[in-house]
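Just so you know, we're using my numbering here: the sequence shown kicks off at 46 and counts up by one. We treat Cβ as the ideally placed atom computed from N, Cα and C, and that holds for glycine. Computed from a predicted model, the values in this text were never measured in an experiment. Before any comments, here is the structure.
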Amino acid sequence: MATLLHLNAHPGPTRSATLRIADAFVARYRETHPADTVTTLDLYREGVPYLTATHLSAMAKQGRTALNEAETAAWAEIDARLTPLCAADKYLVTAPMWNFGVPAILKAYIDLVVQAGYTFRFTGPGASLGLLAGRPLAIVSTRGGNYDVPPLSRYEMCVRYLEHIFGFMGVEVTAVIIAEGMALVAPHEREEIVQEAIIHAERAAERFDAPQQLRRAA
Ligand SMILES: Cc1cc2nc3c(=O)[nH]c(=O)nc-3n(C[C@H](O)[C@H](O)[C@H](O)COP(=O)(O)O)c2cc1C
């Protein structure tokens, strides 16, 4: 029995293309993995604090010196996000491309959870090891333009960033579901793009297993 943590960085409404694709992934995952638990962390609903000076001093002291009252409260905010992330076996990140990158709320969440000693550790000067190794990540992302070919491909900093930062924590991206070019086409063609992505999402959800299980099945 595994836990899938769904990190949702789209504010809605639910008819949004991104959320429809993510919902299709989750629905098919539940059908095909009935023993698993799916937990959704809706970043907009839950709220995510930005890192403050108090968070930074709590991080610097953590495990070394006693925290004062404000630092203890700040660390509790970090811990509330870290604990479910570290406890999960698989991840789904839902993130539209906004201004070439991820929505700011997702960046704020990432700033809280990329913590030395918890999700990665330093192994030497300039070297580190991800501590969430062996866990798979599926990404659902949408964008108005087409980023699969130059010149726009070099400005794709949403999926590429997620691949990098989760990879830094040891997580392996095993599925990327993208609906793109939606601002360039007529509404009915936009719906075709979304439907295609929904089919892709459902297929990915059916076989969304730990990387080593995927390699064994190949
Ligand atoms: C604030 C904002 C910034 C956006 N920035 C980009 C962008 O940099 N590149 C792009 O191709 N599309 C961009 N888009 C378009 C969204 O990626 C696209 O509208 C969205 O993925 C459609 O999905 P939705 O219906 O789930 O919102 C932006 C949309 C918003 C609202």
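Whole-angstrom C-beta distance between residue j and residue i, which should lie under 8 Å
| i | j | result |
| --- | --- | --- |
| residue 142 | residue 187 | 7 Å |
| residue 216 | residue 175 | 7 Å |
| residue 227 | residue 238 | 6 Å |
| residue 63 | residue 185 | 6 Å |
| residue 140 | residue 148 | 6 Å |
| residue 106 | residue 49 | No, residue 106 and residue 49 are not in contact; Cβ-Cβ is about 33 Å, not under 8 Å. |
| residue 179 | residue 255 | 6 Å |
| residue 119 | residue 103 | 5 Å |
| residue 66 | residue 224 | 6 Å |
Sequence-distant residues of the same chain with beta carbon closer than 6 Å to residue i, five excluded per side
| i | result |
| --- | --- |
| residue 197 | 190 |
| residue 173 | 165, 167 |
| residue 153 | 93, 95 |
| residue 157 | 123, 126 |
| residue 86 | 52 |
| residue 245 | 222 |
| residue 214 | 164, 165, 175, 177 |
| residue 218 | 182, 208 |
Close beta carbons around residue i, own chain, < 8 Å, minus the five adjacent residues each side
| i | result |
| --- | --- |
| residue 68 | 59 |
| residue 145 | 200, 201, 202, 203 |
| residue 108 | 162 |
| residue 57 | 64, 89 |
Other residues of its chain near residue i: CB distance less than 7 Å, five sequence neighbours each side excluded
| i | result |
| --- | --- |
| residue 263 | In this prediction, residue 263 has a pLDDT of 47, which is less than 50 and means its spatial position is unreliable; nothing more can be read from the coordinates. |
| residue 251 | 73, 77 |
| residue 155 | 210 |
| residue 150 | 54, 88, 89, 93 |
| residue 207 | 138, 140, 147, 184 |
| residue 249 | 70, 183, 220, 222 |
Neighbour flag for residue i against chain C, beta carbons, 7 Å
| i | result |
| --- | --- |
| residue 212 | The structure shown contains no chain C; it is built from a single protein chain. |
Which residues have a Cβ closer than 5 Å to any heavy atom of ligand 1, listed in chain order? Going by the Cβ distance cut-off, the answer is 61, 62, 63, 141, 142, 143, 144, 145, 187, 188, 189, 190.
Whole runs of the beta strand (DSSP E) within the region 75-135, excluding any shorter than 3 residues: Correct list: 82-87.
Complete runs of the beta strand (DSSP E) confined to the region 132-161 [at least 3 residues]: 135-139
Starting from the N-terminal side, write out each stretch of the beta strand (DSSP E) that is 3 residues or longer and does not extend beyond the region 173-249. 181-188, 217-225
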